[in-house]
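Asker: Before anything else, here's the structure in question.
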Amino acid sequence: MDSAITALTTHKIALIIAVIISILIVLSVLKKLIKVAAVFLAIIVLYVAYLAYTGQQVPKTKKEAIKHVMIKIEQMKKESKKTFKSGL
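In terms of our numbering, the sequence shown opens at residue 1430 and continues consecutively.
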């Protein structure tokens, strides 16, 4: 590790290249995080739009939203059990 630091401090071109590569890596990670956040936001907007379109109450708090999702999951579990028992 010490030899790498020494090599970077003595060779200015290697230091500049290492800094540029580091910046590119950080920017790449940030770009991917922004894409994930954008997809997550789009999913939330579509979910709220679906609730508004179907006339269901849009949850106001995080607790209400989690409770609503859990109820929907339980309903889907019950329906899938019925479907599997009846053989489609």
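Note that the Cβ used here is the ideal one computed from N, Cα and C, for glycine as well.
#1: Specify the secondary structure class of T1439 as computed by DSSP and reduced to three states.
#2: Pull up the distance between the alpha-carbon of L1453 and that of L1437, whole angstroms please.
#3: In three-state terms, what does DSSP make of Q1486?
#4: Assign M1430 to one of three DSSP states: helix, strand, or coil.
Answerer: Judging by the given coordinates:
#1: helix
#2: 18 Å
#3: coil
#4: coil
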